[in-house]
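If you use this note's numbering, the sequence shown closes out at 142, no skipped numbers anywhere. To start, the structure under review is shown below, and the notes come after it.
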Amino acid sequence: MKERLRRFMIGRYGADELNKFLIICGWALLLLGFVLSGINKGVTVSLGSALVTISWVVLIFSIFRTLSKNTSRRAAENYKYFTCKNKVLRWWKGIKARWQDRKTHRYFRCPQCKATVRVPKGKGKIRITCPKCQNQFVKKT
Ligand SMILES: [Zn+2]
């Protein structure tokens, strides 16, 4: 049996980070769908069954990816997933940092290059020089 499975998987893509993520999402959606359907109040039922359907699509897609023989395509998807994940993580880190030093610093967006500039709080009106494009703008801190 194990040997047959091994032979079956030859040349197939197998599991990767994106699949792990899809499986977790799929199960979470399925669970949420069941809970909402169980509440049984008109709208929640249709929302619940919609979530269950989506969760099936997600789970079947993850199985399809595992068994796929188009490995380069799957690897590209996985790479895209990592790029997105990093973007989300960086965004979240930014929010966390802002929250942590909300009492000592203020954040501004450079009007020219849209870079985020961090300046100490409580200095009154100051001229800020963007570290990225050297553009200057005046803000109250
Ligand atoms: Zn700038």
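Every residue gets a Cβ at the ideal spot worked out from N, C-alpha and C, and that includes glycine.
- Straight-line measurement puts the Cα of residue 3 at about 16 Å from the Cα of residue 13.
- When the Cα atoms are used, residue 117 and residue 131 turn out to be separated by approximately 9 Å.
- Every unbroken stretch of the alpha helix (DSSP H) spanning 4 or more residues and falling wholly within the region 16-51 is given here in chain order: 18-40.
- Inclusion of residue 116 in the 7 Å shell around ligand 1 follows from its C-beta lying nearer than that to a non-hydrogen atom of the ligand.
- Residue range 117-121 is occupied by the beta strand (DSSP E) that includes residue 117.
- In the displayed model, residue 88 falls within a helix according to three-state DSSP.
- Counting every other CB atom within 10 Å of its CB across the protein chains shown gives residue 111 a total of 16 or more, marking it as buried.
- Counting every other CB atom within 10 Å of its CB across the protein chains shown gives residue 102 a total below 16, marking it as exposed.
- In terms of CA proximity to residue 84, 18 leads the group 137, 18, 8 and 128.
- Per DSSP, the unbroken alpha helix (DSSP H) holding residue 8 starts and ends at 3-10.
- Under DSSP, no beta-bridge partner is assigned to residue 142.
- The beta-bridge partner set that DSSP reports for residue 127 consists of 140.
- For ligand 1, no non-hydrogen atom lies closer than 7 Å to the CB of residue 137.
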